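> This is the structure I want to talk about, given as C-alpha cells.
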Amino acid sequence: MATSKVSIKLLIDIKAKRVLFAEAGKDFVDFLFNLLHLPVGTVVRLLTKQTMVGTLGNLYGSIENLNETYLQPNQTKASVLRPKDPLSATQVPLLSLDGSTSAAKTYYTCPQISTSSYRYGHHYFSDNARAVCPGCKSSLSTGIQYVAAVNEVAGVGEGGFVKGVVTYMVMDDLVVTPMSTISGITMLNKFNVKDVGALEERVVDLGMPEGLKLLKASLHSKKVLTNVFLGNSTGDLIES
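According to the numbering used here, the sequence shown is numbered sequentially starting from 1.
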C-alpha cells in the first residue's frame, strides 16, 4: 500500500559533502524498484515537459498539440500521454498524481465469445473497445475486468516488491543490496574514509517532492542521494 512519506537514514561524509549510502526499509526500496514500471509518458508527465532532460518533453508536447484527426481510428492521445500498465492496477508509491487509488481498469473482448457458435481458437482482449477481433472481425466491445493477485489487493499481505524482514543498503548511485555490518564496513573502506568523526547519520523523510527530485536525478546523475538530500547538483553526470 502506498504511503505519503517514508524515512531513510543517510550516512554523510561532511568533509566530502556527499552521501555514502542510505539505510532503508522495504517502502523505499519498493519505491525505487517500482520506478522501472513507469512508462516513459508517465515520467514526462510527472517531471513536466519543461524540466525533462533531453527532448522527450518535446515529443510529449507534440502529441498534446497534434489534432486527433491525424490519429489512427484505434488510437488515442491518452494511451501515450497517460499510459497505464496493461496488467496492473497498482501505483508507484509516493508518485501518485492525485493521491487516490487506481480504479480497476476495464478491458474488452469479442462479443461472440459467449455464444455457442464461437469457434476461434484464441480469446483476444484489448484495453480499447474499438479494437477488432482477429478471428471474427467484430469490435472487441464486451467489457471484462482485470482481477488483481492476492498480494496486490489493498490490506492483504505485505505487498510490494521486496520482503521487509531486513534493512537494505542504497548507494548514492542507487545500487541496492541487503544491509549487514560487514557491508557497511566494506563501504567505508571502499570510500577510503579515514576520519570517522567526519561522518554524520541523518534521518530524512521522502515524500512526493523528494520522490520527483529522485526520479529526475536518476535520469542524469550518478550521485542521486547527494543531489536530492544535500542539494548538491554537481554530481557526476551520466555521459551521453
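Don't be surprised by glycine CBs; every beta carbon is placed ideally from N, CA and C. Given the structure is predicted, the values throughout are model-derived calculations rather than measurements.
Going by CA-CA distance only, name the one from 27, 23, 228 that's closest to residue 4.
Measuring from the Cα of residue 4, the nearest candidate turns out to be 27.
> Would you say residue 80 touches the ligand GDP, meaning its beta carbon is less than 7 Å from a heavy atom?
As presented, the structure is devoid of all ligands, the ligand GDP included, so that no description of it is given.
> Three or more C-beta pairs closer than 8 Å, one from the stretch 209 to 227 and one from the stretch 162 to 182: is that the case here?
Yes, the stretch 209 to 227 touches the stretch 162 to 182.
> Answer yes or no: do residue 141 and residue 108 have a C-beta to C-beta separation smaller than 8 Å?
Yes, Cβ-Cβ distance for residue 141 and residue 108 is below 8 Å.
> From the DSSP output, in three-state form, read off residue 66 for me.
The answer is coil: DSSP assigns residue 66 none of H, G, I, E or B.
> When you compare only the Cα positions, how much space is there between residue 204 and residue 68?
Spanning the two alpha carbons is a distance of roughly 45 Å.
> Have a look at 209, 202, 162 and flag the residue whose alpha-carbon is nearest the alpha-carbon of residue 33.
Considering only alpha carbons, the answer is 162.
> Suppose contacts are defined by Cβ-Cβ distances below 8 Å. Is residue 24 in contact with residue 14 by that definition?
Contact flag unset, no.
> If you draw a straight line from the C-alpha of residue 183 to the C-alpha of residue 196, how long is it?
So the two alpha carbons sit approximately 16 Å from each other.
> Taking just the CA atoms, how far does residue 64 sit from residue 231?
Roughly 33 Å between the two C-alpha positions.
> Excluding sequence positions up to five away, which residues of its chain have a Cβ less than 8 Å from the Cβ of residue 77?
63, 64, 66, 68, 71, listed in sequence order.
> Using the Cα positions of residue 136 and residue 74, report the straight-line distance between them to the nearest angstrom.
Distance between the alpha carbons of residue 136 and residue 74: 17 Å.
> Return helix, strand or coil for residue 238, following the three-state DSSP convention.
Interpretation of residue 238 is limited by its pLDDT of 46, a score under 50 that renders its predicted location unreliable; the figure taken from the coordinates is listed afterwards. Looking at residue 238 - three-state DSSP - the assignment turns out to be coil, as it is neither helix nor strand.
> Please list, in chain order, all residues of the same chain as residue 166 whose beta carbon is under 7 Å from its beta carbon, the five residues on each side excluded.
The residues are 178, 179.
> Residues in the same chain with beta-carbon distance under 6 Å from residue 18, minus the five sequence neighbours each way, listed in chain order, please.
Once the five neighbours on either side are set aside, the close Cβ partners of residue 18 are 226.
> Could you compute how far the alpha carbon of residue 154 sits from the alpha carbon of residue 83?
Reliability of the predicted coordinates at residue 154 is poor, the pLDDT of 46 falling under 50, and the value obtained from them is presented with this limitation in mind. For residue 154 and residue 83, the distance between alpha carbons rounds to 22 Å.
> Just reading off the alpha helix (DSSP H) that residue 20 is part of, what are its end residues?
Run containing residue 20: none in the alpha helix (DSSP H); it sits in the beta strand (DSSP E), 18 to 24.
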